[in-house]
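Residue numbers (the UniProt record's numbering): 1 to 76.
Notes follow the structure.
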């Protein structure tokens with residue numbers, strides 16, 4: 001399990017989750033999903049939570065510390 005989580009970082013998780021939320025929200029806004037007559041806001045919010053948390057978790061699991069180390073090296 002430690003090998004699986006060696007690249008995980010909370011800051012990368014937050015960054016990926018925020019970016020993916022805004023991309024998904026913008027896409028839904030452009031495609032007109034919020035103007036559907038039978039839209040249930042609770043299902044939309046639950047869908048966003050599941051997709052954003054899942055995407056943020058898996059992206060930070062695979063690329064978390066590697067990306068942070070590269071940005072630190074580029075800054076110095």
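Note that the Cβ used here is the ideal one computed from N, Cα and C, for glycine as well.
The structure displayed is predicted, hence computed values, not measured ones.
- By the Cβ test, the segment 8-26 is in contact with the segment 65-75, since at least three Cβ pairs between them sit closer than 8 angstroms.
- The residues 17, in chain order, have a CB closer than 8 angstroms to that of residue 53 in the same chain once the five nearest residues on each side in sequence are set aside.
- Per the C-alpha coordinates, the member of 41, 72, 61 positioned closest to residue 3 is 61.
- Across the set 73, 15, 56, 21, the C-alpha of 21 shows the shortest separation from the C-alpha of residue 45.
- Counting along the chain, the unbroken alpha helix (DSSP H) around residue 29 starts and ends at 10-31.
- In this structure, the beta-carbon distance from residue 42 to residue 24 does not fall below 8 angstroms.
- About 5 angstroms separates the beta carbons of residue 13 and residue 56, which is inside the 8 angstroms limit, making them a contact pair.
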